[in-house]
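When the letters of the sequence shown are read in order and numbered with my numbering, they come out as residues 1 to 395. All residues carry an ideal CB built from backbone N, CA and C; glycine is no exception. This structure is a prediction, so every number in the text was calculated from the model and none was measured. Read the structure below first, then the notes.
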Amino acid sequence: MARVAVGVSESHDAVEAFSEAASAARRGLGSDACDLCLTFAGAPHLGHSKTILGTVHDELEPAHLIGCGAGGVVGAGREIESGPGAVVWAASLPAARISTHALVAERRQEGVEVVGLPGDAEADAMFVLADPYSFSAEALLTKVNAERPGVPVLGGLASAAGGGSASLLRDGEVLDSGAVACSISGARVLACVSQGATPIGPEMTITAAEGNVISELASRPAIARLRDAIGSLEPDEQALAAEGLMLGLVIDPGKPDYERGDFLVRPIIGADPAAQTITVGERVQVGQTVRMHVRDSASADEDLRDALRGQVAALGGTPAAGALVFTCNGRGSNMFDVPDHDALAIDDALGAPAGGFFCAGEFGPVAGRNFLHGFTATLAIFGDGGSWHGRSGHV
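What follows is the structure, given as structure tokens:
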């Protein structure tokens, strides 16, 4: 049976912080072996990365470990958004096959090539922690989507680095660039993605576009069509649209109806009134269905709780063993009026140990394809039902 434990500390001393967090995780695992450990360190601790590794290894003796620097950490129902936060997430997964990898993005004549992915393509899920400055997340996700369709990639971009110190950890290594990853199979892992946005207005079809520029929606100039769609909204929805309108893109056109979670939400990043075109933060295709989306604290709360309910239902009555949490550093107190919002919502829904960090960008699947998100919370939820054969569930 899978078992997860999480330790958290706010001690300013790195050794004390990770000793406290690792000891708490050890107590939670009891006599079970630690098969996988993820470690997240606030920026003040990153000058002691080797010491952190030694402390965690001494306490937990993890068979596999990855970790990174974190602008903030999440654990045990709490969110420590800055400062010397320390989280140690530990799992006993006796039926799982696990391996860790150091990834490098090499620029070549034909483009960026990701080096270090294992040749074995049978993983049910991958966890990736990447340096945002030296690694191409787009190249990795493109490669995984093409070569390993249906395998969810979960994780995020490291959000803290100490001056000259490493922000990535892998087993006994400290790395200062690239990405660290973990492949896992034989464990039940469900991917949960909450983009924190609400669909409004009508669905529309892209009838003319190039790259990420849309020139026509429903055979009308894009700006004119959006203006009409906004005019048909209720006043409260118009107010939200005025604060920041986004576009949801349908990724899987095979469904008869599209609901929240079927759209990849991207900001509208530009408009050309003369050409009547809009530019969105993703490449689009003619024939693709889109719908306007808005984001505020209420819609983000509703979306997260709805996504969690879906994954609890997918567990089929068996409890969750625990969860890894990758939430955007634009959430937390930047989005919600109450403290610890995501951590408490996850605790309410799962009632299981959860830990993770505030990312500078989050990895997660939408309609079976992996993307890099912003303002999103993604989770890897571990089922408590022993071994698992087959692809992970995802939204």
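Asked, Found
"Coil, strand or helix - ALA349 by DSSP", "helix"
"Sequence-distant residues of the same chain with beta carbon closer than 6 Å to SER219, five excluded per side", "THR207"
"Cβ neighbour criterion (16 or more within 10 Å) applied to ASN334", "exposed"
"Spatially closest choice to GLY47 from LEU175, ILE66, THR318, GLY30, by CA coordinates", "LEU175"
"Cut-off 6 Å between Cβ atoms - residues of its own chain near GLY390, not counting five sequence neighbours on either side", "Note that GLY390 scores a pLDDT of 34, beneath 50, so its modelled location is shaky and nothing firm can be said."
"8 Å contact criterion, which GLY347 and GLY28 should meet: CB distance rounded", "Note that residue 347 is Asp in the sequence shown, not Gly. At roughly 15 Å, the Cβ-Cβ gap does not stay under 8 Å, so ASP347 and GLY28 are not in contact."
"Start-to-end residues for the alpha helix (DSSP H) that takes in ALA25", "14 to 29"
"Neighbourhood of VAL325 by C-beta distance below 6 Å, restricted to the same chain and skipping five residues each side", "VAL74, ALA354, GLY356, LEU379"
"LEU140: first and last residue of the uninterrupted beta strand (DSSP E) it sits in", "From DSSP, LEU140 is part of no beta strand (DSSP E) but of the alpha helix (DSSP H) over 137 to 147."
"C-alpha distance - PHE127 paired with ASP228, whole-angstrom precision", "42 Å"
"Exposed unless 16 or more other CB atoms sit within 10 angstroms - verdict on PRO199", "buried"
"Endpoints, alpha helix (DSSP H) assigned at ALA241", "235 to 243"
"Assigned secondary structure, ARG283 (DSSP; H/G/I helix, E/B strand, else coil)", "coil"
"Cross-strand partners of GLY356 (DSSP beta bridge)", "VAL74, VAL325"
"Beta-carbon proximity list for ASP35, same chain, < 8 Å, skipping 5 on both sides", "PRO62, ALA63, HIS64, ALA91, SER92, LEU93, PRO94, ALA96, ILE98"
"Straight-line gap, GLY42 to VAL193 (C-alpha atoms, nearest Å)", "24 Å"
"CB contact flag (LEU350, ALA320, <7 Å)", "yes"
"Beta-carbon proximity check, VAL265 vs THR289, cutoff 7 Å", "no"
"PRO365 in three-state terms, based on DSSP", "strand"
"Cβ-based burial, SER392 [other Cβ within 10 Å; buried from 16]", "Residue confidence is low: SER392 scores 32 on pLDDT, short of 50, so the model does not pin down where it sits. No coordinate-derived value is stated."
"Buried or exposed (CB count within 10 angstroms, at least 16 for buried), GLU259", "exposed"
"Cβ pair count under 8 Å reaching 3, the stretch 102 to 111 against the stretch 130 to 149", "yes"
"Option in LEU226, ALA271, LEU168 with minimal Cα separation from VAL213", "ALA271"
"Local conformation of GLU302 per DSSP, three classes", "helix"
"Contact check, THR100 vs ARG170, beta carbons under 7 Å", "yes"
"Residue range of the unbroken beta strand (DSSP E) whose run includes GLU59", "GLU59 -> not in any beta strand (DSSP E); alpha helix (DSSP H) instead, spanning 49 to 60."
"C-beta contact flag for LEU404 and ALA360 at 7 Å", "For residue 404 there is no data in the structure shown, the boundaries of the chain being 1 and 395."
"Boundaries (first-last residue) of the alpha helix (DSSP H) holding ARG260", "Premise fails: ARG260 is in no alpha helix (DSSP H) and is neither H nor E."
"Continuous beta strand (DSSP E) stretch holding ALA41: start and end", "36 to 42"
"Rounded separation between SER185 and ALA125 - CA only", "7 Å"
"Three-state class that DSSP yields for HIS45 in the structure shown", "helix"
"CA-to-CA distance, LEU190 to ALA209, given in whole angstroms", "35 Å"
"Run of the alpha helix (DSSP H) containing ALA222, from where it starts to where it stops", "222 to 231"
"Exposure label - ARG309; buried when at least 16 CB within 10 Å", "exposed"
"Cβ pair CYS182, ILE269 closer than 7 Å", "no"
"Check whether ALA377 and ASP340 have beta carbons under 7 Å apart", "no"
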